[in-house]
DNA sequence: ACAAAGTTGTGTTCATTGTGTTCACGCTCA
DNA sequence: TGAGCGTGAACACAATGAACACAACTTTGT
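Residue numbers (our numbering), protein chains in the order written: chain A, 1 to 223; chain B, 224 to 446.
As structure tokens, this is what we get:
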């Protein structure tokens, strides 16, 4: 559950945005603050994962508060909400390492899309020990579109196979990957052998009684 | 012309990356530094737009240097280059407001793709007085929810498709949505794929005998 | 020591199911 | 009337999985 602190000087707006967040699966509103000082105190008290931060606060500029929040909680993520359209403000916020900048007024769908992006990219980095290039690319919405898949392989299934391999504790056989994903061994093998060609997996043989079994271990991309 | 400072302790690597940058239209190498101290001095002297920053430097951690570079030149952009795959390193760099994180080893094409993204997104913000949501979305590679309805789709049918999906208990295929609304599969698919682009639905494949079926699940707000 | 049998797994083939594209059709509007 | 749009039938082809021949090992028998 991703804990969110709402920071907005306008009580009504804060309430609306709280409602939006509360309706987003996987997110929960852990608090609301209406000034920069309150926000700092609440960050220290509640330890939220994410702050929805309005730039215009009565006691401090949101951009300045961003730095202070970072100092108070280095692991905090910040999604800036602002009516400000000055490119300079946007640039400063981006250089502050925000996860998004959403311009008011915005719809619930707008916010949900950004929260979803945050959840799928930044938060998956949070729960991982290692990352690879595709994780970073996901943050910036860049897809590895340059590598064409062979005929007979779909992008969606490839992503699922890669994900399964990367989260496996050890190596896996085609049959195991297939069972895990609801695919046949033969289909899983198609993807695994292609990943092998790309150098993204390492193949090892497991010897027993009978023909050796091909097992695949995630090795990360090789350029 | 975007001026780039290369910061890497390995002289050979720095030379290779300089070559990559020099071959990117719109970019010029303004200097090379091999230590953190040199990098700071060169940033002050050369005023580059972008630093290609290797994390592993002999005298300082690249992440720490990032903060110092920001203090010395608040308008500086930083593209991190690193062999580090620890997710924690990646997270810290992202919170430092980097424009990208490229994992070694990478190809020239890899770097050019990121430089191109930087040029089209961050740099266009640099030359603008105002920004709008699509400018921010471009940084994060998101298409936004206000993308106009494509030719061949009617607003009335769009609403009906969205309503059908919203009220579905589970996911639906294009065929099912089409049957429900009295449309053909192909027409329903048009709307569903558009919603997929907008991030309002999630696509999952259902495997069986034969080609997998694309199924669409509503992911936007319920209300 | 070597061959044969048994066991386990692979890799290929092709049938099945579904997708995605193309373009003709009917309707609306200027 | 002609242009443009929304739609769907038709079709080529894509992505799967079952079935099967056979490969690569281990075990057993001579």
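Just so you know, even glycine gets a beta-carbon here, dropped at the ideal spot from N, CA and C.
Rounded Cβ spacing between residue i and residue j (contact assumed at less than 8 angstroms)
i, j, result
"residue 292 (chain B)", "residue 263 (chain B)", "7 angstroms"
"residue 5 (chain A)", "residue 48 (chain A)", "4 angstroms"
"residue 194 (chain A)", "residue 157 (chain A)", "Residue 194 (chain A) to residue 157 (chain A), Cβ: 11 angstroms. No contact."
"residue 33 (chain A)", "residue 63 (chain A)", "Actually they do not touch by this definition, with Cβ atoms about 16 angstroms apart."
"residue 226 (chain B)", "residue 288 (chain B)", "No, residue 226 (chain B) and residue 288 (chain B) are not in contact; Cβ-Cβ is about 18 angstroms, not under 8 angstroms."
"residue 295 (chain B)", "residue 266 (chain B)", "5 angstroms"
"residue 308 (chain B)", "residue 132 (chain A)", "6 angstroms"
"residue 421 (chain B)", "residue 370 (chain B)", "6 angstroms"
Reference residue i, options the options, closest by Cα
i, options, result
"residue 27 (chain A)", "A:36, A:52, A:33 and A:42", "A:52"
"residue 433 (chain B)", "A:184, A:205, A:204 and A:194", "A:184"
"residue 171 (chain A)", "A:60, A:125 and A:205", "A:205"
"residue 202 (chain A)", "A:187, A:188 and A:218", "A:218"
"residue 141 (chain A)", "B:388, B:341, B:373 and B:352", "B:341"
"residue 404 (chain B)", "B:382, B:419 and B:422", "B:382"
"residue 239 (chain B)", "B:309, B:306, B:248 and B:328", "B:328"
"residue 175 (chain A)", "A:187, A:166 and A:168", "A:187"
"residue 107 (chain A)", "A:132, A:23 and A:148", "A:23"
"residue 167 (chain A)", "A:139, A:128 and A:123", "A:128"
"residue 13 (chain A)", "A:74, A:83 and A:38", "A:83"
"residue 362 (chain B)", "B:323, B:370, B:373 and B:387", "B:323"
"residue 123 (chain A)", "B:310, B:370, B:344 and B:419", "B:310"
"residue 387 (chain B)", "B:224, B:343, B:401 and B:248", "B:401"
"residue 280 (chain B)", "B:258, B:420 and B:443", "B:258"
"residue 153 (chain A)", "B:260, B:298 and B:430", "B:430"
"residue 143 (chain A)", "B:248, B:336, B:241 and B:260", "B:336"
"residue 25 (chain A)", "A:189, A:37, A:120 and A:135", "A:120"
"residue 372 (chain B)", "B:419, B:443 and B:297", "B:419"
"residue 169 (chain A)", "A:216, A:189, A:155 and A:18", "A:216"
Residue i and residue j closer than 8 angstroms at C-beta
i, j, result
"residue 244 (chain A)", "residue 9 (chain A)", "Residue 244 (chain A) falls outside the range modelled here, since chain A spans only 1 to 223, and no answer is possible."
"residue 67 (chain A)", "residue 31 (chain A)", "no"
"residue 277 (chain B)", "residue 230 (chain B)", "yes"
"residue 20 (chain A)", "residue 111 (chain A)", "yes"
"residue 436 (chain B)", "residue 396 (chain B)", "yes"
"residue 321 (chain B)", "residue 303 (chain B)", "yes"
"residue 109 (chain A)", "residue 423 (chain B)", "yes"
Subject >> Ordered list of beta strand (DSSP E) runs contained in the region 40 to 85 of chain A, each at least 3 residues >> reply: 50 to 54 and 77 to 82, all fully within the region 40 to 85 of chain A.
Original post:
If you scan the region 75 to 139 of chain A from start to end, which runs of the beta strand (DSSP E) of 3 or more residues do you find wholly inside it?
Top reply: Here the runs fully enclosed are 77 to 82 and 100 to 103.
Subject >> Runs of beta strand (DSSP E) wholly within the region 409 to 435 of chain B (minimum 3 residues, chain order) >> reply: For the region 409 to 435 of chain B, whole beta strand (DSSP E) runs of length 3 or above, ordered along the chain, are 424 to 431.
**OP:** May I have a chain-ordered list of the alpha helix (DSSP H) segments no shorter than 4 residues that lie completely inside the region 4 to 30 of chain A?
**Re:** List check, alpha helix (DSSP H) in window: 11 to 22.
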